[in-house]
Amino acid sequence: MFIHIVANAAIGQSLSGGDRIFMECAGRWASRGHRVLVYVWEEGLEMCKRNRLEGVEFVLWPAGRFKKYGFALNYMMRTVEGSLGALRKKAEEGPHIVYSASDFWPDSIPAYLLSKRLKANWIAGFYLFAPAPFKGFRGAHAGRRLPDAKALCYYLHQKPVYKLINKKADAVFVTCEDDREVFLSAGRAPQDVVTVRGGVDAFAPVGALPLRKDYDACFVGRFHPQKGVLELVGIWEDVVKRRPSARLALIGADSARYRKMVEEEISSRGLEKRIDLLGFMDGEDKYRIFRRSRVIVHPAVYDSGGMAACEGMAWGLPAVGFDLPALKRYYPKGMLKAPVGSSREFARLILRLLEDEQLYERTRDDAVSLAKEWDWGRRADELLSYMEKRFGTRL
0 MFIHIVANAA IGQSLSGGDR IFMECAGRWA SRGHRVLVYV WEEGLEMCKR
50 NRLEGVEFVL WPAGRFKKYG FALNYMMRTV EGSLGALRKK AEEGPHIVYS
100 ASDFWPDSIP AYLLSKRLKA NWIAGFYLFA PAPFKGFRGA HAGRRLPDAK
150 ALCYYLHQKP VYKLINKKAD AVFVTCEDDR EVFLSAGRAP QDVVTVRGGV
200 DAFAPVGALP LRKDYDACFV GRFHPQKGVL ELVGIWEDVV KRRPSARLAL
250 IGADSARYRK MVEEEISSRG LEKRIDLLGF MDGEDKYRIF RRSRVIVHPA
300 VYDSGGMAAC EGMAWGLPAV GFDLPALKRY YPKGMLKAPV GSSREFARLI
350 LRLLEDEQLY ERTRDDAVSL AKEWDWGRRA DELLSYMEKR FGTRL
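Using numbering that gives the first Met the number 0, you'd call the opening residue of the sequence shown number 0 and step up by one each time.
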């Protein structure tokens, strides 16, 4: 069985949810005897190798030479180079499945063309609907305002690819039931739209030797407006008012501009000694911070799910997040939830966990129990089983 994964939009050091899903599944599908081909540009190839994706075949669609002309042109040329590469692909005797790792153009458009070239079924990853321009990534709680330029571009650019996916994809992978309902309302059959929650390496990491708990809480995620990092700085100020020695670890990376905004917010509130900016971490370095922390926080203000919090929960950390619709289903236990936009209530829930030992232990046990349901091996097998049943192909 050939599984073709188009991940030509992968970029940067940090991983999106879609990046994590395709890499975790690709390696496991390959280990189960399937021939997995991953289509990437130079930076995507570096990302896969940095995260030790093995057992797959990489197909390079070179576009690195366009980086010097800026993101927009590089993005378009990745779409062009990928489309040309897809049209040049020589078909081998199948069966074939094509999976696009995201809805971004460098993934979706070449994947559609590749599926036509190979006469294969196309599964499209569509893991986040762009927010309405006058609400943006900061969510409805922040009120209506003039659209951010990047958010507006994202919203407008997603429209045509959404129509392509809805009309031409044989199946769609989404990350929450609310997004699934959008596709169903647009006429897709229920069996065509699958909710993929992501996963964690659920191998009982809580058995590792404990370290000194010198962080009261930690955050893991991209530094992006939707992740609520700026809100978290204000939340932590409220925590410090009650617990002056409280420390927060921030793990993540993204644009230098947004990081600078976070640094300025920390400085303006006098929290330089209370919040540590640790940059991008993964693997053992990240797990070490989990072991040094007491709580994991997930302050996303616009999200379709999010698996970063569950990574910490697998290490025995109770969680706190905002009460977003998607998180009601993602985290029915193991996470205390504050009303969206209520920073003071969010801080109060963190303090409750730190000060109420019984609540802490109960929420921690729920978190570990939930994380065991998120095993990546189980997720990969569920998706393979779906492909077999949906497309009548013995995998």
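Even glycine gets a Cβ: it sits at the ideal position worked out from N, Cα and C.
Requested in this report: Along the alpha helix (DSSP H) that carries M46, what are the first and last residues, could you check?
Outcome: E41 to R49
DSSP-derived helix/strand/coil call for V367: helix
task: Take P213 as the anchor and find which of C309, Q225, V294 and V173 has the nearest alpha-carbon.
output: Residue identity differs from the one stated: residue 213 is Asp in this sequence, not Pro. Residue V294 is the option with its Cα nearest to D213.
* Cβ neighbour criterion (16 or more within 10 Å) applied to A123 -> buried
Handout entry: Simplified DSSP state of V294, which is helix, strand or coil
Key = coil
Q.
Let me check understanding here. Comparing Cα to Cα, which of Y126, G186, G69 and Y153 lies closest to A325?
A. Y126
Review point. If we count the other Cβ atoms within 10 Å of its Cβ and call it buried at 16 or more, is R378 buried or exposed?
Key: buried
Notebook entry, point to check: Comparing the CB of D380 with every heavy atom of the ligand ZN, is any distance shorter than 8 Å?
Noted result: No copy of the ligand ZN occurs in the structure displayed, which carries no ligand at all.
Helix, strand or coil at T174 [DSSP, three-state] = coil
Classification of E56 by the beta-carbon crowding that lies within 10 angstroms, buried from 16 upward = exposed
**Prompt:** Is M22 helix, strand or coil by DSSP?
**Reply:** helix
Distance, V232 Cα to G69 Cα
31 Å
Practice prompt. Could you please give the first and the last residue of the uninterrupted beta strand (DSSP E) stretch that includes L86?
Written response: Note, L86: premise wrong, no beta strand (DSSP E); alpha helix (DSSP H) at F70 to R87.
Identify, in the order they occur along the chain, each residue of the same chain with its Cβ nearer than 6 Å to the Cβ of G43, setting aside the five sequence neighbours on each side. A6 and A9
### Query
Which residue's Cα is closest to the Cα of A307: H95, S341 and A366?
A366
* To do: Pick helix, strand or coil for L287, following the three-state DSSP scheme.
  => What sits at residue 287 in the sequence shown is Arg, not Leu. DSSP places R287 in helix when its eight states are reduced to three.
Counting C-beta neighbours from all protein chains within 10 Å, is the total for Q357 16 or more, i.e. buried, or is it exposed? exposed
query = Is A129 near P109, with beta carbons less than 9 Å apart?
reply = no
Check: Between the C-alpha atoms of R396 and L247, what's the straight-line distance to the nearest angstrom?
Finding: One cannot answer for residue 396 here, as it falls past the ends of the chain, which runs 0 to 394.
Problem - Buried or exposed by the 16-neighbour rule on C-beta atoms within 10 Å, applied to D18 - result: buried
Margin query: Beta-carbon within less than 8 Å of L14's beta-carbon, same chain only, minus the 5 sequence neighbours each way: which residues are those?
Written below: M22, M46, N50 and D281
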